[in-house]
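**Q** Have a look at this one.
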Amino acid sequence: MSRPPPDRVSEAEAHLAAALSALGFVGDPELGESPARLADWLSEFTPGAPLSPLSLFDAPGQDLVCLRGLPFYSICAHHLLPFFGEATVAYVPGAKVAGLGSVPRLLRELARRPQLQERLGAQLAEALLNEAGAVAVGVRLEARQMCMELRGAESPGLILTTALRGQANSAVARAVGHG
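Now the structure itself:
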């Protein structure tokens with residue numbers, strides 16, 4: 088994945104330092120390197136690189152493929168606070184099947200940008216449907232949202248979203264807990 092040029096990271100660092108100063112966080116030696124660290128982390132975590140294509144192979148059949156317990160980490164596009172959890176991805180392949188490593192890689196790449204949980208699931212489901220030619224796809228994301236826990240409701244909890252695409256398929260729906 089590519090990172091922004093160093094001058095853009097330095098520009099972000101200056102803006103972050105100005106934001107901390109505007110909020111009254113001045114003179115604390117522990118915060119001295121925080122703008123640089125945050126700018127560097129954001130440039131690493133959200134590189135904005137093009138997505139890697141799915142690795143595709145001839146499908147040996149039309150049986151359900153299900154991947155469970157796939158971890159993901161993202162940043163809420165509304166609040167820029169983290170959200171993280173696990174994904175279950177189930178699909179019935181068409182003529183091609185996605186390489187098992189390419190599904191978690193695509194999930195990671197989609198998550199490593201400011202994102203909404205609902206959009207993340209939809210983008211992953213649509214990639215399997217359109218790029219891999221799957222017949223039916225279900226993506227279940229179960230996540231902790233720090234924007235819910237640290238602000239607003241200030242309450243812990245898991246948010247569950249499900250994206251179903253393609254032909255209706257009861258096995259896919261059951262695999263992602265939606266049927």
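Numbering (my numbering), first residue to last: 88 to 266.
Cβ coordinates follow ideal geometry from the N, Cα and C atoms, glycine included.
Here the structure is a predicted model, which means the values were calculated and not measured.
(1) Exposed or buried, what is F112 when buried is set at 16 or more other beta-carbons lying within 10 Å of its beta-carbon?
(2) For V184, which residues does DSSP report across the bridge?
(3) Should A230 and Q210 be called a contact, given that it needs their Cβ atoms to be closer than 9 Å?
(4) Comparing C-alpha positions only, which one of G188, A126, M235 sits nearest to S139?
(5) Any contact of the region 235–254 with the region 185–201, i.e. 3+ C-beta pairs under 8 Å?
(6) By DSSP, does E173 sit in helix, in strand, or in coil?
(7) Round the Cβ separation of M233 and F132 to the nearest angstrom and send it over; I've been treating them as touching at under 8 Å.
(8) Could you compute how far the alpha carbon of V176 sits from the alpha carbon of A185?
(9) Have a look at E98 and L194 and give me their C-alpha separation to the nearest angstrom.
(10) How is A250 classed by DSSP in three states: helix, strand or coil?
(11) I need the straight-line Cα distance from R227 to G264, nearest angstrom please.
**A** Taking the structure as given:
(1) Taking the first residue of the sequence shown as position 1, residue 112 is located at position 25. By the neighbour-count rule (16 or more Cβ atoms within 10 Å), F112 is not buried but exposed.
(2) Stepping through the sequence shown from its first residue, residue 184 is reached at position 97. Under DSSP, the beta-bridge partners assigned to V184 are F144.
(3) Position 143 of the sequence shown, counted from the first residue, corresponds to residue 230. Position 123 of the sequence shown, counted from the first residue, corresponds to residue 210. No; because the gap between Cβ atoms is not below 9 Å, this pair is not in contact.
(4) Mapped onto the sequence shown, residue 139 falls at position 52. For the residues G188, A126, M235, the minimum Cα distance to S139 belongs to G188.
(5) The answer is no - the region 185–201 does not touch the region 235–254, with fewer than three Cβ pairs under 8 Å.
(6) Here the question's residue 173 lines up with position 86 in the sequence shown. Strand, per DSSP.
(7) Mapped onto the sequence shown, residue 233 falls at position 146. Mapped onto the sequence shown, residue 132 falls at position 45. About 14 Å; that fails the 8 Å criterion.
(8) Working through the sequence shown from its first residue, we reach residue 176 at position 89. Working through the sequence shown from its first residue, we reach residue 185 at position 98. Their Cα atoms are separated by approximately 12 Å.
(9) Residue 98 sits at position 11 when you count from the first residue of the sequence shown. Residue 194 sits at position 107 when you count from the first residue of the sequence shown. Straight-line measurement puts the Cα of L194 at about 29 Å from the Cα of E98.
(10) Within the sequence shown, residue 250 is the residue found at index 163, counting from 1. Residue state, collapsed to three classes: strand.
(11) Stepping through the sequence shown from its first residue, residue 227 is reached at position 140. Stepping through the sequence shown from its first residue, residue 264 is reached at position 177. Pairing R227 with G264, the inter-Cα distance amounts to about 8 Å.
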